[in-house]
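Asks: Here you go, one structure.
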Amino acid sequence: MEAQLGLLKAGAWAPDIAVAKSEVAQAEAQVKMAETNIDRLTMRAPIAGVILQNKVRLGQFAQCGPLSEPLMILGSVTPLHVRVDVDEHDAWRVRGGAPAAASPRGNGSIRIPLEFVRFEPYVIPKKSLTGDSTERVDTRVLQIIYRVKEQSAPLYVGQQVDVYIETPVKSSTFRQHSSSAAGGGQ
């Protein structure tokens, strides 16, 4: 008993301390490796937003590289923006800052005020064709981004709306079709 008491009073043996320190270092390395693996296997969104559409399920294989359809669509729904396609033949009539109003398709009695944000600087070929026999397929459009002033407006992301833009030339307004879109980047 006196021998054990003497060992306790003498303190830990130097080789025991070295073994304990190496075990602590090994455990810290394992923790760091686990944190690195978790970080490597965690997918993070590039922006703060809402998942607008999810086409991937738990356990499903996600292919690397470009896909024909995205697995998820992410966006911001506040503030809501509207992308307006204006035919290139009418583009000269539109001025920056021009007031506009949107009406949901099928309900022209609702007028939702819009605020001008910007012009997309490049006139592009029209992508949404109606199939009407009188419609030209070589039409190009100027895209204008408007912000929906009333965030409580009865609009949904991706919904088609009719947009009425005030112009200083010829008639007081003209109508263009557009899709509502979400996000500050729109």
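Be aware that the sequence shown starts at 24, since it is given in our numbering, and climbs by one per residue.
All C-beta atoms, glycine included, are put in the ideal place defined by N, C-alpha and C.
1. Would residue 140 and residue 100 qualify as a contact pair, given that the criterion is a beta-carbon distance under 8 Å?
2. In whole angstroms, what separates the C-alpha of residue 34 from that of residue 65?
3. Just the C-alpha distance for residue 186 and residue 175, rounded to the nearest angstrom, thanks.
4. What does a CB cutoff of less than 6 Å around residue 163 pick up in its chain, not counting 5 residues either side in sequence?
5. May I ask which residues mark the beginning and end of the beta strand (DSSP E) holding residue 294?
6. Could you compute how far the alpha carbon of residue 48 sits from the alpha carbon of residue 179?
7. If distances are taken between C-alpha atoms only, which option among 70, 89, 94 comes closest to residue 80?
8. Is it right to say residue 137 is buried, meaning 16 or more other beta carbons lie within 10 angstroms of its own, or is it exposed?
9. Can you round the beta-carbon distance between residue 69 and residue 118 to whole angstroms, since I take them to be within the 8 Å contact cut?
10. When DSSP labels each residue in this structure, what does residue 113 get in the three-state scheme?
11. Work out the CA separation of residue 127 and residue 182 for me, nearest whole Å.
Replies: On the basis of the coordinates in this document:
1. no
2. 46 Å
3. 18 Å
4. 111, 146, 148
5. Only positions 24 to 209 of the chain appear in the structure, and residue 294 is not among them; the question remains open.
6. 55 Å
7. 94
8. buried
9. Contact flag wrong, Cβ pair sits at about 34 Å.
10. coil
11. 8 Å
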